[in-house]
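What follows is a set of notes on a single structure, which appears directly below.
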Amino acid sequence: LYFNTRDQNGQAAGTRGEAVSSDGGQSWQPHTTSGYRVFSPAPAVLDPPVVQCALLRFASTLDGAKGNMILFSGPDENGPSGPGRSDLRLRYSVDEALTWHDGPLIHQGPAAYSDMVRLDAERIGILFECGPENGKKCNRIEFVVYDLSGLGSTR
Numbered sequence: 010l011y012f013n014t015r016d017q018n019g020q021a022a023g024t025r026g027e028a029v030s031s032d033g034g035q036s037w038q039p040h041t042t043s044g045y046r047v048f049s050p051a052p053a054v055l056d057p058p059v060v061q062c063a064l065l066r067f068a069s070t071l072d073g074a075k076g077n078m079i080l081f082s083g084p085d086e087n088g089p090s091g092p093g094r095s096d097l098r099l100r101y102s103v104d105e106a107l108t109w110h111d112g113p114l115i116h117q118g119p120a121a122y123s124d125m126v127r128l129d130a131e132r133i134g135i136l137f138e139c140g141p142e143n144g145k146k147c148n149r150i151e152f153v154v155y156d157l158s159g160l161g162s163t164r
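Using the numbering used here, you'd call the opening residue of the sequence shown number 10 and step up by one each time.
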């Protein structure tokens, strides 16, 4: 199991932690050899402000896929709208969350909480809070379908 969480008391972007379990969640270890007891800091590419984000295992060799893919959705602290809860970006890992890559910008403008669902072998659905591109606050919830063909090696 891979666990990624926000640091509720963190005051800056990049205050996420991650841990892994090889016994179904009975015990947890740092995801890296960073010397931390349980949660190690998440990689810089997972740089949203303090906010809920979403994880989704999209593909696994254990299920017959050619590769592994884990998806992460959350605001992009370094996105075109600047810091804060804005610019929802999809990020992905093809090596079991050891490294992460920036993926497509899903929404430009205010963006906050999100969740994802696998729709079929190529597409996901993303539900998220958002607002107008030139706005300052989220004022609606949107659902978009995104085609992942060509993103990483999952086939």
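We put the CB at the ideal spot given by N, CA and C, even for glycine.
What you are looking at is a predicted structure, and each value in this text was computed from that prediction instead of being measured.
* Cα separation between T108 and P52? -> 8 Å
* In the structure shown, what three-state DSSP assignment does D85 receive? -> coil
* Is L71 helix, strand or coil when you go by DSSP? -> helix
* Asked: At what residues does the beta strand (DSSP E) containing E151 begin and finish?
  -> Counting along the chain, the beta strand (DSSP E) containing E151 begins and ends at R149 to D156.
* Asked: Under the three-state reduction of DSSP, which class applies to G144: helix, strand or coil?
  -> coil
* Does the segment 108 to 121 come within contact of the segment 23 to 38, defined as at least 3 CB pairs closer than 8 Å? -> Judged by Cβ distances under 8 Å, the segment 108 to 121 makes no contact with the segment 23 to 38, as fewer than three pairs qualify.
* Asked: Just how far apart, CA to CA, sit R66 and K145?
  -> 31 Å
* Look at the Cβ atom of M125, then the Cβ atom of A68, and state whether they are nearer than 8 Å. => no
* To do: Using the DSSP secondary-structure output, state which residues sit across from Y101 in a beta bridge.
  => According to DSSP, Y101 bridges with L80 and H110.
* To do: Tell me whether R94 sits in a helix, a strand or coil according to DSSP, three-state version.
  => When DSSP states are grouped into helix, strand and coil, R94 belongs to the coil group.
* Length of the line joining the Cα atoms of F81 and G91 -> Straight-line Cα distance between these residues: approximately 19 Å.
* Asked: Cβ of E138 within 8 Å of Cβ of L157?
  -> no
* Asked: Below 8 Å between beta carbons: does that hold for P84 and R94?
  -> yes
* Helix, strand or coil: which one does DSSP assign to Q38? -> strand
* Asked: Can you give the Cα-Cα distance for G34 and H40, rounded to whole angstroms?
  -> 13 Å
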